[in-house]
Amino acid sequence: MKITLQFDSMEEFDAFCDAQKAKLPGQSKSANGKTLLSDDLMPVRLRNCLMAEGISYVEDALALTRRDLLGIPNLGTKSVKEFELWKAAKLSIEKHTEA
Numbered sequence: 005m006k007i008t009l010q011f012d013s014m015e016e017f018d019a020f021c022d023a024q025k026a027k028l029p030g031q032s033k034s035a036n037g038k039t040l041l042s043d044d045l046m047p048v049r050l051r052n053c054l055m056a057e058g059i060s061y062v063e064d065a066l067a068l069t070r071r072d073l074l075g076i077p078n079l080g081t082k083s084v085k086e087f088e089l090w091k092a093a094k095l096s097i098e099k100h101t102e103a
């Protein structure tokens with residue numbers, strides 16, 4: 005399935021992008037200013053393992069090292085690789101949105 009969008013102006017395109025960003029999970033902040041893992045796009049198994057360890061926020065997950073992850077029960081090397089990809093993407097998005 006292929007969808008093609010055409011915009012008459014950059015303003016129309018920007019409005020569309022803003023509306024799409026508003027729909028993305030992970031954009032809402034809790035009372036402490038952190039983003040809940042449950043609101044983020046992350047592999048379900050990875051999210052469940054992190055939450056079982058008491059890690060509920062994206063910001064806390066980003067601080068984890070490979071060694072930390074390997075110490076989490078039921079989190080194998082494949083999940084660690086998925087985490088590293090997720091973390092790289094997350095940091096890349098943050099870098100671009102801050103600019």
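Take 5 as the starting number for the sequence shown in this note's numbering and just add one per residue.
The C-beta atom is built at its ideal place from N, Cα and C for all residues, glycine as well.
When rounded, the separation of the alpha-carbon atoms in L66 and S60 is 11 Å.
Residue burial annotation: M14 is exposed, with fewer than 16 other C-beta atoms found within 10 angstroms of its C-beta.
Between the segment 89 to 97 and the segment 72 to 81, the count of C-beta pairs closer than 8 Å stays below three; the two stretches do not touch. Taken atom to atom, the span from the alpha-carbon of F11 to that of F17 is near 6 Å. In the structure shown, L89 adopts helical secondary structure according to DSSP, grouped into three states. When DSSP states are grouped into helix, strand and coil, L74 belongs to the helix group. Per DSSP, the continuous alpha helix (DSSP H) segment holding A65 begins and ends at V62 to L66. Assigned with DSSP and collapsed to three states, L79 falls in coil, not helix or strand. Annotated three-state conformation of L41 is helix, per DSSP.
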